[in-house]
Amino acid sequence: MRDPIESLHERYGERDDVLLQVHIGGDPPHWDLYRPARERFLEVCSGFGCAEWLLQEALQLGYEPGVCAASDLHLGWMGGPRSVETFRGRFGQKYPMRQRDSAYGTGPLTAIEAPELTRESLWAAIEARHTAGTSGARMILKLHLGEAHAGDRVTIHPGDRVDLRLAVHACAPLSRVDVIAGVHRLHCCDPGGALDWSAELALSAAQIPGHWIYLRVEQADGEWRWTSPLYLDRADEPADGRDMPAWNACALEAGA
Numbered sequence: 002m003r004d005p006i007e008s009l010h011e012r013y014g015e016r017d018d019v020l021l022q023v024h025i026g027g028d029p030p031h032w033d034l035y036r037p038a039r040e041r042f043l044e045v046c047s048g049f050g051c052a053e054w055l056l057q058e059a060l061q062l063g064y065e066p067g068v069c070a071a072s073d074l075h076l077g078w079m080g081g082p083r084s085v086e087t088f089r090g091r092f093g094q095k096y097p098m099r100q101r102d103s104a105y106g107t108g109p110l111t112a113i114e115a116p117e118l119t120r121e122s123l124w125a126a127i128e129a130r131h132t133a134g135t136s137g138a139r140m141i142l143k144l145h146l147g148e149a150h151a152g153d154r155v156t157i158h159p160g161d162r163v164d165l166r167l168a169v170h171a172c173a174p175l176s177r178v179d180v181i182a183g184v185h186r187l188h189c190c191d192p193g194g195a196l197d198w199s200a201e202l203a204l205s206a207a208q209i210p211g212h213w214i215y216l217r218v219e220q221a222d223g224e225w226r227w228t229s230p231l232y233l234d235r236a237d238e239p240a241d242g243r244d245m246p247a248w249n250a251c252a253l254e255a256g257a
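For the sequence shown, our numbering assigns the number 2 to the initial residue and increments by one for each residue that follows.
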């Protein structure tokens with residue numbers, strides 16, 4: 002952990018049996034001081050709280066990561082919590098952001114969508130960015146654009162019809178489902194407190210701002226989950242989205 006980041010990337014950055022991730026914890030990444038060739042995996046939530054801002058920062062810098070979430074425990078316990086720390090709690094006193102209480106089986110987790118439960122299949126799914134991050138609740142999210150799904154790269158042309166399919170299977174009543182495109186909230190869905198919810202959105206390419214789309218879900222109990230982005234290759238100039246809410250409008254609206 003004390004090696005220079007340049008040495009770390011030189012040694013491990015291109016290996017196919019190592020996965021480096023951008024961690025949100027003791028300090029945010031200093032991309033202004035060091036810009037690696039690529040960032041393949043990014044932590045959108047950890048024991049320190051939710052960090053969708055970090056994902057947005059990476060995307061706006063041109064990185065195309067898959068997302069993950071982790072408790073920041075360092076003991077090798079899969080799905081284990083962080084140690085109890087008195088200055089933290091559900092919302093924290095030192096860090097005013099949503100956080101998990103410490104208890105066995107709690108804490109942020111990474112979900113992997115793979116065809117079978119084998120090391121090879123899981124690794125291939127991670128490399129393909131078929132992942133999601135959750136603050137703790139084991140909800141299931143689906144985001145499809147045609148045959149592609151979250152993490153894939155899709156080519157869209159001017160005038161194309163873009164059909165998005167959304168589905169959520171939650172662990173508590175759903176408060177909101179947001180479709181984020183670029184730096185804007187493209188669509189906000191009200192699931193009406195359902196546990197299982199799905200919808201289809203028919204859009205034109207001209208309606209979509211930016212070069213990525215991902216799904217963000219909030220449960221009524223304060224748990225969150227994000228999909229990896231769908232990455233859009235497009236020849237047209239994306240809509241500027243000036244009339245759309247910002248990606249973090251839900252926090253601004255709540256006064257967070």
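Where is the CB? At the ideal position from N, CA and C, for every residue including glycine.
Small disclaimer: the values here were computed from a predicted structure and weren't measured.
Mind reading off the beta-carbon distance from residue i to residue j? Whole number of angstroms is fine, and I expect it under 8 Å.
| i | j | result |
| --- | --- | --- |
| Arg139 | Ser205 | The pair is not a contact, with the Cβ atoms about 35 Å apart (cut-off 8 Å). |
| Trp248 | His145 | Actually they do not touch by this definition, with Cβ atoms about 21 Å apart. |
| Ser1 | Ala168 | Past the edges of the chain, shown from 2 to 257, lies residue 1, and the structure says nothing about it. |
| Pro192 | Pro239 | Between Pro239 and Pro192 the Cβ distance is about 27 Å, and since that is not below 8 Å, they are no contact. |
| Ser136 | Cys251 | About 14 Å; that fails the 8 Å criterion. |
| Asp234 | Val155 | 7 Å |
Tell me whether the beta-carbon of residue i lies closer than 9 Å to the beta-carbon of residue j.
| i | j | result |
| --- | --- | --- |
| Ala112 | Leu142 | yes |
| Met187 | Ile181 | The sequence shown places Leu at residue 187, rather than the Met named in the question. For Leu187 and Ile181, yes; Cβs fall inside 9 Å. |
| Glu121 | Ala133 | no |
| Asp222 | Ala151 | no |
| Glu53 | Val23 | no |
| Val178 | Leu123 | no |
| Arg243 | Glu201 | no |
| Asp153 | Arg130 | yes |
| His170 | Leu196 | yes |
| Gly62 | Arg41 | One point to set straight first is that residue 62 is Leu, not Gly, in the sequence displayed. No; because the gap between Cβ atoms is not below 9 Å, this pair is not in contact. |
| Pro30 | Gly14 | no |
| Ile25 | Gly67 | no |
Please report how far the alpha carbon of residue i lies from the alpha carbon of residue j, in whole angstroms.
| i | j | result |
| --- | --- | --- |
| Tyr232 | His212 | 6 Å |
| Asp33 | Phe49 | 22 Å |
| Ala236 | Gln208 | 14 Å |
| Leu9 | Val218 | 34 Å |
| Glu65 | Arg39 | 8 Å |
| Tyr35 | Glu7 | 8 Å |
| Asp4 | Gly194 | 48 Å |
| Gln57 | Ser229 | 12 Å |
| Gly160 | Ile214 | 18 Å |
| Pro246 | Cys190 | 14 Å |
| Glu11 | Ser47 | 26 Å |
| Pro116 | Ala125 | 10 Å |
| Asp241 | Asp18 | 40 Å |
| Ser72 | Leu60 | 23 Å |
| Cys69 | Arg226 | 10 Å |
| Gln220 | Gly147 | 27 Å |
Per DSSP, what are the beta-bridge partners of residue i in this structure?
| i | result |
| --- | --- |
| Cys262 | The structure shown has nothing for residue 262, since the chain only spans 2 to 257. |
| Asp197 | His170 |
| Asp234 | Thr156 |
| Thr132 | Ile113 |
| Cys46 | Cys51 and Ala70 |
| Ala247 | His185 |
| Trp32 | Looking at the DSSP assignment, Trp32 forms no beta bridge with any residue, so it has no partner. |
| His150 | His145 |
| Thr228 | Ala133 |
| Tyr215 | Ile181 |
| Leu21 | In DSSP, Leu21 forms no bridge with anything. |
| Asp162 | A small fix is needed here, since residue 162 is Arg in this sequence, not Asp. In the DSSP output, where bridge partners are listed per residue, Arg162 has Ser205. |
| Gln61 | In DSSP, Gln61 forms no bridge with anything. |
Exposed or buried, residue i, counting other C-beta atoms within 10 Å across all chains shown (16 or more means buried)?
| i | result |
| --- | --- |
| Gly183 | buried |
| Leu55 | buried |
| Pro109 | buried |
| Leu118 | exposed |
| Glu224 | buried |
| Ala203 | exposed |
| Arg16 | exposed |
At a cut-off of 8 Å, would you count residue i as near the ligand COA, judging by its Cβ distance to the nearest heavy atom?
| i | result |
| --- | --- |
| His31 | Ligands are entirely absent from the displayed structure, and the ligand COA is therefore not among its contents. |
Are the C-beta atoms of residue i and some chain D residue less than 9 Å apart?
| i | result |
| --- | --- |
| Pro192 | The chain inventory of the structure shown lacks chain D, comprising one protein chain alone. |
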